[in-house]
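Position one of the sequence shown corresponds to residue 3 (our numbering), numbered consecutively onward.
Positions of the beta carbon are idealized from the N, C-alpha and C atoms, including for glycine.
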Amino acid sequence: MQELISYKSSLVLGILWLLFVAERVLPAAPVVAAANGRRLLRNLSLWLCNSLASLLIVLPVTLFAAGHARYWWSAWLPSWSWLLVDLLLLDLWIYWWHRANHRLSWLWRFHRVHHLDQWLDVTSAVRFHFGEVILSALVRAAVIFCFALPVSSVIIFESLILIVTGFHHSNIRLPKKLEYWLSLLIITPSIHWVHHHVEQRDTDSNYGAICSFWDRLFGSKSATVRTPDMQIGLDQSSDQGLLQLLAAPFRLESYRR
Ligand SMILES: [Zn+2]
């Protein structure tokens with residue numbers, strides 16, 4: 003298990019680093035002033051906080067849920083197809099979890115920290131409030147328990163999701179045809195950048211994480227096409243400093259949702 007986790011971490015970090023370099027060599031949209039070094043530091047600090055939360059809470063909760071699950075449906079399908087079923091189930095869960103984060107104001111308080119980023123690149127994919135990471139792990143534990151998902155499937159899913167979210171937040175320029183074909187199956191930058199558009203009707207659409215067909219299936223696909231000058235962030239809210247972002251969900255003020 004230890005070996006699988008360290009192998010996964012090095013592979014994922016290597017791919018994220020390649021994406022980070024690629025989006026600077028071949029950018030799709032012209033880089034704006036908001037994408038400065040302070041922003042990078044802020045995003046990476048939030049990543050550090052949620053990595054700590056993952057180590058202390060997410061991993062133990064996930065191991066507990068997987069260890070106590072009842073394998074009541076293991077005879078339904080041949081064993082070779084289980085990994086695919088597990089990955090699809092987790093991706094479907096994260097689609098609805100993300101949608102709930104936009105619909106329920108108490109969840110939006112945390113998820114809003116991710117959307118306050120006024121530029122997108124690979125570092126946006128790891129910019130989450132630790133509260134969202136912990137809440138997500140607690141709800142996901144119920145899914146792992148109910149569907150008896152093995153830890154190996156969860157670890158593979160976590161690697162995939164980090165790679166795909168790094169990719170779809172990135173500002174990497176892709177050949178149009180390649181992106182079109184990829185977008186039929188997975189979430190690409192053109193799809194996800196629309197989710198970060200300042201227009202609320204776009205922010206409340208394109209919830210998919212890995213597979214792009216959930217949005218088409220559940221009617222949440224935006225018709226907006228990404229443009230190079232698309233404004234990223236939240237209307238009437240600007241990004242904040244690290245401490246303000248960490249404290250924001252716990253403030254008494256109400257957030258529009
Ligand atoms: Zn969102």
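Can you tell me whether residue i is buried or exposed, with buried defined as 16 or more other CB within 10 angstroms of its CB?
| i | result |
| --- | --- |
| Asn45 | buried |
| Val23 | exposed |
| Ile7 | exposed |
| Ala249 | exposed |
| Val156 | buried |
| Arg203 | exposed |
| Arg111 | buried |
| Thr167 | buried |
| Gln120 | buried |
| Leu18 | buried |
| Asp231 | exposed |
| Asp217 | buried |
| Leu86 | exposed |
Along the chain, where does the alpha helix (DSSP H) that runs through residue i open and close?
| i | result |
| --- | --- |
| Tyr182 | Lys178 to Ser185 |
| Trp147 | The amino acid at residue 147 is misidentified as Trp; the sequence shows Phe. Here the alpha helix (DSSP H) through Phe147 covers Phe132 to Cys148. |
| Ser56 | Note, Ser56: premise wrong, no alpha helix (DSSP H); not H, not E. |
| Thr64 | Leu61 to His70 |
| Phe215 | Phe215 to Leu219 |
| Gly168 | Val153 to His171 |
| Asn103 | Trp84 to Arg105 |
| Ala249 | Leu244 to Ala249 |
When you measure from the CB of residue i to every non-hydrogen atom of ligand 1, does any distance come out below 7 Å?
| i | result |
| --- | --- |
| His199 | no |
| Asn38 | no |
| His171 | no |
| Asn103 | yes |
| His100 | yes |
| His131 | no |
| His194 | no |
| His70 | no |
Look up residue i in the DSSP assignment and give the residues it is bridged to.
| i | result |
| --- | --- |
| Ile17 | None; Ile17 has no bridge partner. |
| His199 | Ile234 |
| Ile174 | Pro29 |
| Ile188 | Cys213 |
| Ser239 | Leu236 |
My guess is that residue i and residue j are in contact by the Cβ rule of under 8 Å, so how many angstroms apart are they, rounded?
| i | j | result |
| --- | --- | --- |
| Phe130 | Leu48 | 7 Å |
| Ile174 | Pro191 | 6 Å |
| Ile2 | Ser214 | Outside the displayed span of the chain (3 to 259) sits residue 2, for which this structure offers no information. |
Let me see if you follow: with CB-CB separation under 8 Å, is residue i close to chain D or not?
| i | result |
| --- | --- |
| Trp121 | The structure shown contains no chain D; it holds only a single protein chain. |
Could you tell me whether any non-hydrogen atom of ligand 3 is closer than 7 Å to the CB of residue i?
| i | result |
| --- | --- |
| Ser107 | What this structure holds is ligand 1, not ligand 3. |
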